[in-house]
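Those letters in the sequence shown? Residues 910 to 1272, per my numbering, in order.
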Amino acid sequence: MKYIDEYRDPGIAKALVAEIRQRTTRHWVLMEICGGQTHTLMRYGIDELLPQAVEIVHGPGCPVCVTPLETIDHAIELALRPDVTLVSYGDMLRVPGSQSDLFRARAAGGDVRIVYSPMEALKIARQNPQRQVVFFGIGFETTAPPNAMAVWQAHREGLRNFSMLTSHVLVPPAIRLLLASDRNRVQGFIAPGHVCTVMGYRQYEELARDFRVPIVVGGFEPVDLLEAINMLVAQLEAGRTEVENQYARSVSREGNVPAQRLMETVLEVCDRKWRGIGTIPRSGYRIRQEFAAHDAEQVFGFPQHGVEEPAECISAEVLQGLKKPPDCAVFATRCTPENPMGAPMVSAEGACAAYYHYRRNAL
Ligand code: SF4
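If you want it as structure tokens, here you go:
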């Protein structure tokens, strides 16, 4: 297949559903990791097309959702400083911290600007040498290379007024945490195609071997996901536990090696707190000491404070595939995208938000 329409072709999708139905002999629980994949599954009703024996649960792969409340609070604190211009992607502005959000910080007079690339933040820093320009850089391995590039370029130019507030998280340690849990139900994973485009899939081979679980690297269109599910069910039915690559049009085993080298130059692996889950060892990136002049945490120093999630929110279980959003007592009543109470409702890619948009009237 060559064109995007073919990856949305109803005829191809129906044939794949029939194949999955025909080869399924028992109940299997599969998890898609990425929020973009969750969105496609819900939007096209793929989970409802599958045989009942194939259960899909949703993973923690929405970077906006898993950014800790404390980090959002730090961004808001910076935005309200008179000497700081806080630069961010648009989807972070409405994400609530413990008390407020960046939209409200802007309404209160904070200099908050939206960009589409961290390189635009660098441009703002060059044009405003009297201001401290802080880029709010979050995400999975997918957004780490451009963010690392911005820090590297600022270092190269000696741009002392540019820094990055970062909360990068990594997918394989999160999968390892899920698989090591006594409560794990997941028997096969769809790995995120965009993350593997950057990182390759060698790390997933370790997971498949250590936990004897099949993993298929999948894309983001309906036919991509149905193919990935079909490949997982085929492995499970045959008793195989391998890593396979459905998204071969973008992903190679080695990934994007120059991007990985750049990330290794600027960033190092660290323990990282995931909103709704807690701290996962070696599950994130921080800026290396050599580039500390561009690390907002080191430039500004933030007091450490813990922030509690609302007691009703079961996001930890939703993000680990143990429960689904409608199992939550406040889903679509007190918790909505306009008034999110927990991590998976804050971004359109979160599982609770996806159920809210595509399923709430059918529940
Ligand atoms: S519906 Fe809201 S409160 Fe419930 S788990 Fe999802 S985010 Fe948390």
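Think of the CB as a built atom: it goes at the ideal place given N, C-alpha and C, for glycine as much as any other residue.
query = Just curious, the alpha helix (DSSP H) that GLY945 is in, first and last residue?
reply = Taken as a continuous stretch (DSSP letters only), the alpha helix (DSSP H) holding GLY945 covers 944-952.
Three-state class that DSSP yields for VAL966 in the structure shown: strand
query: So, helix, strand or coil for ARG1149, using DSSP?
result: coil
Original post:
What residue range is occupied by the uninterrupted beta strand (DSSP E) comprising PHE1071?
Top reply: 1071-1078
Checklist line | Pairwise C-alpha distance: ASN1056 and ILE985 | finding: 20 Å
task: Assign GLU1221 to one of two classes, buried (16 or more other C-beta atoms within 10 Å of its C-beta) or exposed (fewer than that).
output: exposed
Would you mind reading off the limits of the alpha helix (DSSP H) that contains PHE1209?
1205-1209
- [ ] Quick one: measure Cβ to Cβ for ILE929 and LEU950, integer angstroms, because I've assumed they're closer than 8 Å.
- [x] At roughly 14 Å, the Cβ-Cβ gap does not stay under 8 Å, so ILE929 and LEU950 are not in contact.
Quiz item: Roughly how many whole angstroms lie between the Cα atoms of GLU1136 and PHE1129?
Solution: 11 Å
Nearest neighbour of LEU1228, chosen from PHE1071, ALA1241, GLU1258 and VAL1239 [CA to CA]:
Among PHE1071, ALA1241, GLU1258 and VAL1239, the Cα nearest to that of LEU1228 is on GLU1258.
Leaving out the 5 sequence neighbours to the left and right, which residues in its chain are closer than 7 Å to GLY945 when beta-carbon positions are compared? PHE1129 and GLU1258
Item to complete: Could you spell out the range, first to last residue, of the alpha helix (DSSP H) harbouring GLY1048?
Response: Not the alpha helix (DSSP H): GLY1048 falls in the beta strand (DSSP E), residues 1041-1048.
- Locate the alpha helix (DSSP H) running through GLU1029, then write down its first and last residues. 1027-1036
Given the structure, does GLY970 come close to the ligand SF4, in the sense that its CB is under 6 Å from one of the ligand's heavy atoms? Checking every heavy atom of the ligand SF4 against the Cβ of GLY970, none is found closer than 6 Å.
Exercise. Considering ARG1184, what are the terminal residues of the beta strand (DSSP E) in which it resides?
Worked result: First-last for ARG1184: undefined, no H or E at that position.
* Helix, strand or coil at VAL1160 [DSSP, three-state] -> coil
- Message: For HIS1064 and PHE1200, which I take to be in contact (beta-carbon distance under 8 Å), what is that distance rounded to the nearest angstrom?
- Response: 5 Å
- Query: Out of curiosity, what's the CA-to-CA distance linking LEU995 and VAL1104?
  - Reply: 26 Å
* Asked: Residue range of the alpha helix (DSSP H) that ARG1022 falls in?
  -> Here ARG1022 belongs to no alpha helix (DSSP H); instead the beta strand (DSSP E) covers 1020-1023.
*Look at LEU978 and GLY1006 and say whether their C-beta atoms are less than 7 Å apart.*
Taking 7 Å as the Cβ cut-off, LEU978 and GLY1006 qualify as a contacting pair.
Look at PRO1054 and LEU1171 and say whether their C-beta atoms are less than 7 Å apart.
yes
Check your understanding: Can you find a heavy atom of the ligand SF4 that lies under 6 Å from the Cβ of VAL1239?
Key -> yes
- Three or more C-beta pairs below 8 Å linking the segment 959-968 and the segment 1181-1192: no
| Close-in-space but distant-in-sequence residues of the same chain around ALA1014 (CB under 7 Å, 5 per side omitted) | ILE985, ALA988, LEU989 and VAL1021
Looking only at DSSP bridge pairs, what is ASN1154 linked to?
VAL1126
Review point. Cα separation between ASP982 and GLY1215?
Key: Spanning the alpha carbons of ASP982 and GLY1215 requires a straight line of approximately 11 Å.
#### Entry: Proximity winner among ASP918, PRO1219, GLN1155 and GLU1146, relative to TYR953 (alpha-carbon distances)
ASP918
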